[in-house]
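Oh and the sequence shown: position 7 is 12 in the numbering used here, straight run, nothing missing.
Just so it is clear, CB atoms sit at the ideal spot from N, CA and C, and this is done for glycine as well.
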Amino acid sequence: NTIWADYGLVSRVFYVAPTGTDSLNSGTTVNSPFLTIKYACDYINADWANRAPATIFVTAGKYSEATPISIPPQTTIVGDELRSVTIEPNNGLEANNMFYVSNGGGVRNLTLQGLVGSLSGVNAYGTKRPTSCAFISLDPGTGPGDTSVHITTRSPYVQNVTTFGTRCVGIKIDGSLHNAGNKSIVA
6 NTIWADYGLV SRVFYVAPTG TDSLNSGTTV NSPFLTIKYA CDYINADWAN RAPATIFVTA
66 GKYSEATPIS IPPQTTIVGD ELRSVTIEPN NGLEANNMFY VSNGGGVRNL TLQGLVGSLS
126 GVNAYGTKRP TSCAFISLDP GTGPGDTSVH ITTRSPYVQN VTTFGTRCVG IKIDGSLHNA
186 GNKSIVA
């Protein structure tokens with residue numbers, strides 16, 4: 006009876022589970038996962054040249070995260086299954102964006118919940134629009150000229166993601182965040 010743990014270390018594949026530990030000695034096997042998605046993303050970003058392209062597998066469970074989370078370029082977060090992986094912001098962070106995506110990244114098979122935004126005043130059409138927080142947004146980096154977050158070769162890909170929030174946006178593509186490259190997310 007073969008299980009994933011039998012294969013040991015797999016290069017550039019990282020694991021997150023509710024039973025994990027956020028430490029430099031974790032994350033590389035399913036038996037020793039990271040605890041949070043944010044730590045996994047920060048870990049890859051800290052040595053991107055040697056740790057990406059990467060896949061972060063998130064096992065079934067509910068995750069409370071410090072948001073926003075910048076997903077590294079060419080890195081995809083993949084949940085076990087759409088309804089078995091739920092991610093929400095830590096208390097007090099409900100008005101933040103949840104995930105920032107950049108070149109060649111992806112988000113798959115997750116339920117995202119818990120964002121609470123605000124609405125604009127009534128516009129000319131008699132409607133109000135969300136003015137803050139999105140579950141997935143282009144990464145603003147350090148500003149419009151930050152080429153490390155520009156979409157240059159492949160748009161971020163979002164697949165099988167469900168969102169539950171109040172006065173917020175599922176996916177936000179704000180072209181003013183980047184002054185070059187493509188300004189796109191594929192969903």
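Could you give the distance in angstroms between the alpha-carbon of GLN79 and the alpha-carbon of GLY180?
-> When rounded, the distance between both Cα atoms is 20 Å.
Straight-line Cα distance separating ALA57 from PHE19 = For PHE19 and ALA57, the distance between alpha carbons rounds to 10 Å.
Among ASN128, THR157, VAL191, the one whose alpha carbon lies nearest that of ALA185 | The shortest C-alpha separation from ALA185 is found at THR157.
For the region 98-170, which segments carrying the beta strand (DSSP E) assignment without a break, of at least 3 residues, lie completely within its bounds, in sequence order?
-> The region 98-170 contains these whole beta strand (DSSP E) runs: 104-106, 111-121, 139-143.
Keeping to the same chain, check which residues put their C-beta closer than 7 Å to that of HIS155; ignore five residues upstream and five downstream.
-> Counting only Cβ-Cβ distances below 7 Å, and skipping sequence neighbours, we find ASN108, HIS183, ALA185, GLY186.
Is the beta carbon of THR72 less than 8 Å from the beta carbon of ASN96?
-> Against a cut-off of 8 Å, the Cβ pair of ASN96 and THR72 comes out as no contact.
Starting from ILE190, trace the alpha helix (DSSP H) both ways and give me its first and last residue.
-> First-last for ILE190: undefined, no H or E at that position.
Measuring alpha carbon to alpha carbon, tell me which of ALA129, THR168, GLY175 ends up nearest LEU143.
-> It is GLY175.
State yes or no: is the C-beta of PHE62 within less than 8 Å of the C-beta of PHE104?
-> Not closer than 8 Å, so no.
Opening and closing residue of the alpha helix (DSSP H) in which ILE61 lies | If you look at ILE61, you'll find it isn't in any alpha helix (DSSP H); it sits in the beta strand (DSSP E) that goes 59-63.
Per DSSP, which residues does GLY66 bridge with? Please list them.
-> Partner(s): VAL90.
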